[in-house]
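Peer 1:
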Amino acid sequence: MPPHSIEAEQAVLGGLMLVADAYDRVNDRLTSEDFYRRDHQLIYRAISELAERSRPYDAVTLGEWFDAQGQSDLIAGGAYLIELASSTPSAANITAYAEIVRDKAVMRQLIDVGTEIVNNGFQPEGRESTELLAVAEQKVFAIAEAGSRGRSDFVSMPSALKDAFSVLQDRFNSGGNVTGLATGYTEFDYLTAGLQPTDLLILAARPAMGKTTLALNIAEYVAIKSKKAVAVFSMEMSAAQLALRLISSNGRINAQRLRTGQLEDEDWSRVTAAIRMLKETKIFIDDTPGLSPEVLRSKCRRLKREHDLGLVVIDYLQLMSVPGNSENRATEISEISRSLKGLAKELNVPVIALSQLNRSLETRTDKRPVMADLRESGAIEQDADVIVFIYRDDYYNKENSPDKGLAEVIIGKQRSGPTGSLKLKFFGEYTRFDNLAHDAVGSFE
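Numbering (the working numbering), first residue to last: 6 to 450.
1) Whole angstroms are fine: how far does the CA of VAL300 sit from the CA of GLU136?
2) Within a Cβ cutoff of 8 Å, which residues of the same chain sit near ILE252, ignoring the five residues on either side of it in sequence?
3) Do ARG30 and THR100 have their C-beta atoms closer together than 8 Å?
4) Judging by CA-CA distance, which residue of LYS304, ALA213, ILE415 is the nearest neighbour of VAL140?
5) Classify PHE127: buried if its beta carbon has 16 or more other beta carbons within 10 angstroms, exposed otherwise.
6) Around the C-beta of LEU316, are 16 or more other C-beta atoms found within 10 angstroms, so that it is buried, or is it exposed?
7) Is LEU427 closer than 8 Å to PHE193 when the C-beta atoms are compared?
8) If you draw a straight line from the C-alpha of LEU249 to the C-alpha of VAL235, how long is it?
9) Where do the ends of the beta strand (DSSP E) carrying VAL432 lie?
10) Hey, how far is the Cα of SER53 from the Cα of PRO94?
11) Per the DSSP calculation, TYR396 is bridged to which residue(s)?
12) Under the DSSP definition of a beta bridge, which residues are partnered with LYS230?
13) Determine the closest residue to THR218 out of LEU429, ALA13, ARG34, with distance taken between C-alpha atoms.
14) Could you give the DSSP three-state label for ILE258: helix, strand or coil?
15) Measuring alpha carbon to alpha carbon, tell me which residue in ALA149, SER231, LEU208, PRO163 is nearest VAL183.
16) Rounded to whole angstroms, what is the Cα-Cα separation between ASN353 and TRP70?
17) Going by C-alpha to C-alpha distance, which of GLU57, TYR85, GLU12 sits closest to GLY68?
18) Nearest to ALA210 by CA position, among TYR400, PRO8, ARG420, ASP408, is which residue?
19) With DSSP run on the structure shown, which of helix, strand or coil describes GLN174?
20) Which of helix, strand or coil does DSSP assign to ALA187?
21) Got a sec? Which residues, its chain only, sit under 6 Å from LYS418 by beta carbon, not counting five neighbours each side?
22) From the DSSP output, read off the bridge partner residues of SER360.
23) MET242: which of SER164, LEU21, LEU221 sits nearest, CA to CA?
24) From ALA384, THR265, VAL318, GLY131, pick the residue whose C-alpha is nearest to that of ASP291; which is it?
25) For GLU12 versus TYR41, is the C-beta spacing smaller than 8 Å?
26) Tell me where the beta strand (DSSP E) around VAL318 begins and ends.
27) May I ask you to report which of helix, strand or coil DSSP gives SER37?
28) Do ASP390 and LEU196 have their C-beta atoms closer together than 8 Å?
29) What does a CB cutoff of less than 8 Å around GLN76 pick up in its chain, not counting 5 residues either side in sequence?
30) Quick check on the burial criterion: 16 or more other C-beta atoms within 10 angstroms. Buried or exposed for MET6?
31) Spatial neighbours of ILE148 within its chain, please: C-beta separation below 8 Å, excluding the five flanking residues on both sides.
32) Please name the residue or residues paired with PHE438 in a DSSP beta bridge.
33) Considering only the beta carbon of each residue, do HIS45 and LEU18 sit closer than 8 Å?
34) Identify every residue that forms a DSSP beta bridge with GLN15.
35) To which residues does DSSP link PHE289 through a beta bridge?
36) For the alpha helix (DSSP H) holding PRO298, just list the boundary residues, first then last.
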């Protein structure tokens with residue numbers, strides 16, 4: 006017999022019918038599916054519908070509701086409703102009874118998921134073990150999330166102020182402007198105060214502007230200077246290709262010579278030094294193509310448990326996929342961006358997601374990106390805490406650009422700070438961005 010408590014279910018339903026506002030004490034803890042008996046599910050669903058319409062939900066009004074729906078026979082008629090109300094002395098302990106009902110429901114869900122996991126093991130239907138593990142982890146985690154429903158409540162103002170003051174003290178004592186993870190780019194860190202935990206940062210640009218380069222430079226800096234683990238999901242380039250880029254950037258070695266293997270004598274010592282330094286970092290690269298949000302989240306959870314995960318980088322958002330939802334790409338992108346924001350909050354780390362820009366900006370005279378250039382921009386713009394664009398004028402105006410070798414980094418959105426722009430030196434041959442002197446900084450708003 007699956008875990009359940011008929012007595013607790015009856016006490017919850019009876020208590021609801023006794024006290025007019027009792028529903029508000031349990032509705033964030035329970036759903037109709039949490040009840041074991043079918044008639045109890047129907048009764049709770051009816052109570053929910055009446056409560057949402059601000060109508061009373063005592064035994065009489067419930068009986069009339071079921072009569073009107075032609076469903077009285079499904080709950081043994083009004084007599085059972087009256088029995089529930091009369092057999093419950095009070096609603097004083099209704100919250101405790103609701104917790105019992107919810108706990109039993111979680112137990113049943115664990116049994117169902119456990120059975121499904123066993124069946125998948127016996128009949129994988131062509132799926133690899135890694136995929137089955139990711140699905141199993143996601144399903145168990147979904148139960149855990151649902152099981153905690155209603156257990157976090159309002160935070161009182163004194164408690165919120167205490168936490169805020171503690172954060173303020175930490176920031177004051179740090180002695181600097183960077184309260185999050187430093188990126189190594191002075192003016193960017195000044196403007197953003199660093200990469201903040203729970204933030205989703207979208208890094209967007211047209212091809213060849215340096216999205217991957219900038220993201221890898223930041224990942225390298227965080228891994229070396231902050232000693233944090235960094236997860237890099239590359240759905241376009243292989244792990245070996247990214248490693249070569251990191252060697253080029255760290256050792257300031259010509260990337261083309263690395264690609265062709267035509268290294269000069271002085272390059273070898275730089276390669277050796279770069280490899281020695283990078284080997285000490287905790288940069289983890291996953292080059293699985295077309296990752297789904299579920300699988301990506303599972304991989305990040307495991308890395309969070311095993312290492313001090315400090316940053317997640319995804320290259321790039323549009324190459325992710327949502328199984329079974331390929332017909333509507335806008336909806337798919339919306340689900341992906343929402344999931345990435347949820348990942349940042351769950352793991353309490355910043356997430357940098359690279360994004361493509363619409364091709365249409367190439368037809369404009371001023372090719373600096375704006376929000377509307379984001380592909381499927383509505384959902385991305387809404388979910389992102391920070392949106393950063395990269396623009397290199399010398400890419401479009403090779404002969405007469407006043408900004409040869411420079412990249413303009415445009416902060417188009419920042420939920421908790423100003424927007425603005427700054428310039429960085431771009432070394433394409435080293436796949437690297439570097440700081441400029443202070444007087445090269447753009448405007449801030």
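Note that the Cβ used here is the ideal one computed from N, Cα and C, for glycine as well. Quick caveat, the model's predicted, so the values are computed rather than measured.
Peer 2: Straight from the coordinates:
1) As a working mapping, residue 136 is identified with position 131 in the sequence shown. As a working mapping, residue 300 is identified with position 295 in the sequence shown. Using only the alpha carbons, I get a separation of about 7 Å.
2) Numbered from its first residue, the sequence shown carries residue 252 at position 247. Counting only Cβ-Cβ distances below 8 Å, and skipping sequence neighbours, we find ILE258, LEU263, VAL276, ALA279, ILE280, LEU283.
3) In the sequence shown, residue 30 corresponds to position 25, counting from 1. In the sequence shown, residue 100 corresponds to position 95, counting from 1. Contact: yes.
4) Position 135 of the sequence shown, counting from 1, holds the residue named residue 140. It is LYS304.
5) In the sequence shown, the residue the question calls residue 127 occupies position 122. The residue in question, PHE127, is exposed, as its Cβ has fewer than 16 Cβ neighbours within 10 Å.
6) Sequence index remark: in the sequence shown, residue 316 carries index 311 (1-based). By the neighbour-count rule (16 or more Cβ atoms within 10 Å), LEU316 is buried.
7) Here residue 193 is taken as the residue at index 188 of the sequence shown, counted from 1. Here residue 427 is taken as the residue at index 422 of the sequence shown, counted from 1. For PHE193 and LEU427, yes; Cβs fall inside 8 Å.
8) Taking the sequence shown and counting its residues from 1, one reaches residue 249 at position 244. Taking the sequence shown and counting its residues from 1, one reaches residue 235 at position 230. In a straight line, the C-alpha of LEU249 is about 17 Å away from that of VAL235.
9) On the sequence shown, position 427 is the one that residue 432 refers to. It is worth fixing the name first, because residue 432 is Phe in this sequence and not Val. Element bounds for PHE432: 425 to 432.
10) The residue given as residue 53 occupies position 48 in the sequence shown. The residue given as residue 94 occupies position 89 in the sequence shown. If I take the Cα positions, the gap works out to 22 Å.
11) As a working note, residue 396 is residue 391 in the sequence shown. In the DSSP output, where bridge partners are listed per residue, TYR396 has GLU413.
12) The count along the sequence shown starts at 1 and reaches residue 230 at position 225. Looking at the DSSP assignment, LYS230 forms no beta bridge with any residue, so it has no partner.
13) Start at 1 with the first residue of the sequence shown, and residue 218 comes out as number 213. Measuring from the Cα of THR218, the nearest candidate turns out to be LEU429.
14) Position 253 of the sequence shown, counted from the start, is the residue given in the question as residue 258. Correct three-state label for ILE258: coil.
15) Sequence index remark: in the sequence shown, residue 183 carries index 178 (1-based). Per the Cα distances, SER231.
16) Looking up residue 353 in the sequence shown gives position 348. Looking up residue 70 in the sequence shown gives position 65. Computed Cα separation, rounded: 46 Å.
17) Locating residue 68 in the sequence shown gives position 63, counting from the first residue. Minimum Cα distance to GLY68 is reached at TYR85.
18) Your numbering for residue 210 matches position 205 in the sequence shown. For ALA210, the nearest C-alpha among the options comes from TYR400.
19) In the sequence shown, the residue the question calls residue 174 occupies position 169. Helix.
20) To locate residue 187, count along the sequence shown from 1; it is residue 182. It is coil, neither helix nor strand.
21) Reading the sequence shown from its first residue, position 413 is the one you call residue 418. The residues are ILE392.
22) Translated into positions along the sequence shown, residue 360 becomes position 355. Its beta-bridge partners are ALA209.
23) Your numbering for residue 242 matches position 237 in the sequence shown. Nearest C-alpha to MET242: LEU221.
24) The sequence position of residue 291 within the sequence shown is 286, counting from 1. ASP291 has its Cα closest to that of VAL318, out of ALA384, THR265, VAL318, GLY131.
25) In the sequence shown, counting from the first residue as 1, residue 12 sits at position 7. In the sequence shown, counting from the first residue as 1, residue 41 sits at position 36. Contact flag unset, no.
26) Here the question's residue 318 lines up with position 313 in the sequence shown. VAL318 -> beta strand (DSSP E) spans 314 to 320.
27) Taking the first residue of the sequence shown as position 1, residue 37 is located at position 32. Here SER37 sits in helix by DSSP.
28) Against the sequence shown, residue 390 aligns to sequence position 385. Against the sequence shown, residue 196 aligns to sequence position 191. Contact flag unset, no.
29) What you label residue 76 is simply residue 71 of the sequence shown in a count that begins at 1. If we look at GLN76 and ignore the five residues flanking it on each side, its Cβ neighbours are LEU47.
30) As a working note, residue 6 is residue 1 in the sequence shown. That one is exposed.
31) Indexing the sequence shown from 1 puts residue 148 at position 143. Answer for ILE148: VAL111, GLN114, LEU115, VAL118, listed in chain order.
32) Here residue 438 is taken as the residue at index 433 of the sequence shown, counted from 1. Residue pairing from DSSP places PHE438 in a beta bridge opposite PHE431.
33) On the sequence shown, residue 45 is found 40 positions in, with the first residue counted as 1. On the sequence shown, residue 18 is found 13 positions in, with the first residue counted as 1. Yes. Within cutoff.
34) By one-based count along the sequence shown, residue 15 stands at place 10. According to DSSP, GLN15 bridges with nothing at all.
35) The count along the sequence shown starts at 1 and reaches residue 289 at position 284. When DSSP reads this structure, PHE289 sits in a beta bridge with ALA236.
36) Taking the first residue of the sequence shown as position 1, residue 298 is located at position 293. Unbroken alpha helix (DSSP H) run through PRO298: 298 to 311.
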